[in-house]
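K.L.:
FYI, in the UniProt record's numbering the residues of the sequence shown are 1 to 172.
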Amino acid sequence: MTGAEEIRLDEDDLIVSKTDPKGRITYANRRFMEIAGYSEPQLLGKPHNLIRHPEMPRGVFRFMWATLQAGQEFFGYVKNRTSDGGYYWVFANVTPDYTANSQLAGYFSVRRRPNRAAIQQVSHWYRQMRAIESQQSASKAPEASMQWLLDQVAAQGCTYNELVRQLESLPE
1 MTGAEEIRLD EDDLIVSKTD PKGRITYANR RFMEIAGYSE PQLLGKPHNL
51 IRHPEMPRGV FRFMWATLQA GQEFFGYVKN RTSDGGYYWV FANVTPDYTA
101 NSQLAGYFSV RRRPNRAAIQ QVSHWYRQMR AIESQQSASK APEASMQWLL
151 DQVAAQGCTY NELVRQLESL PE
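1) With a 10 Å radius around its C-beta and 16 neighbouring C-beta atoms as the bar for buried, classify LEU43 as buried or exposed.
2) Over the uninterrupted beta strand (DSSP E) stretch that includes PRO47, give me the two end residues.
3) Taking GLU106 as part of the beta strand (DSSP E), name the residues at either end of that continuous run.
4) Three or more C-beta pairs under 8 angstroms: does that hold for the stretch 104-121 against the stretch 8-25?
5) Buried or exposed: which applies to TYR98, given that a residue is buried once 16 or more other Cβ atoms fall within 10 Å of its Cβ?
6) Roughly how many angstroms separate the alpha carbons of THR67 and PHE74, rounded to a whole number?
7) Taking contact to mean 3 or more Cβ pairs, one atom from each stretch, closer than 8 angstroms, check whether the stretch 113-133 and the stretch 147-163 are in contact.
8) Do you know offhand how far GLY23's Cα is from GLU6's?
9) Quick check on the DSSP output: the alpha helix (DSSP H) that includes ILE119 runs from which residue to which?
10) Would you decide whether residue 176 is buried or exposed? Buried here means 16 or more other CB atoms lie within 10 Å of its CB.
11) What three-state label does DSSP hand ALA4 in the structure shown?
12) For ILE51, which residues from the same chain have a beta carbon less than 7 angstroms from its beta carbon, with the 5 sequence-adjacent residues on both sides left out?
13) Who pairs with TRP89 in a beta bridge, going by DSSP?
14) So, at 7 angstroms on beta carbons, what are the nonlocal neighbours of GLY132 in its own chain, with the 5 sequence-adjacent residues on each side left out?
15) Does DSSP classify MET70 as helix, strand or coil?
16) Which of helix, strand or coil does DSSP assign to residue 175?
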């Protein structure tokens, strides 16, 4: 496989991982390793952003972390990079994971095949967000593109989670 190829998830694929509170991988299921092209030793203890595709706007992750730090689960579309430079899109659900005494233990993430029509829409938004980020300083770029995304959501007259649910229900 050449590096620019897309891997499309199957309908029944579930990619599962867990991280510590700092985002270092503590668990990866076999399907995650197969799709991303990494072995367990190559993943465990590494930052989850190891698979971050450079076309993903930083503002999406700023929003994700703000959502998680507020104790809420995050749903979103993410383009990930494989070990050989290929890529794969996922519909991600990331949830804070707590110990029995309510201490943050880390994060649990389940990713599945995304709706292709939704990917077309978010790809357009992500291009806009990257353009905004390219016009800002490195420290201001994530906040500026996240605000643009939130403005787009507000213009739809719904919440972010409602918009994501609408995108997931688009006809493919």
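Every residue gets a Cβ at the ideal spot worked out from N, C-alpha and C, and that includes glycine.
P.N.:
According to the structure data:
1) So LEU43 counts as buried.
2) Here PRO47 belongs to no beta strand (DSSP E), and DSSP marks it neither H nor E.
3) Inspection of the sequence shows that residue 106 is occupied by Gly rather than by Glu. Looking at the DSSP string, the run of the beta strand (DSSP E) that includes GLY106 is 104-112.
4) Taking 8 angstroms as the limit for Cβ pairs, the verdict is that the stretch 8-25 does touch the stretch 104-121.
5) exposed
6) 6 angstroms
7) yes
8) When only Cα atoms are considered, GLY23 and GLU6 end up about 25 angstroms apart.
9) 116-134
10) Lying outside 1 to 172, the shown extent of the chain, residue 176 is not represented and no answer is given.
11) In the structure shown, ALA4 sits in coil (DSSP, three-state: anything other than H, G, I, E or B).
12) ALA36, ASN80 and ARG81
13) LYS79
14) Residue identity check: residue 132 is Ile in the sequence provided, not Gly. Here the set comprises ALA144, SER145 and TRP148.
15) Note that residue 70 is Ala in the sequence shown, not Met. Reduced to three states, the DSSP call for ALA70 is coil.
16) There is no way to answer for residue 175, as the model of the chain reaches only from 1 to 172.
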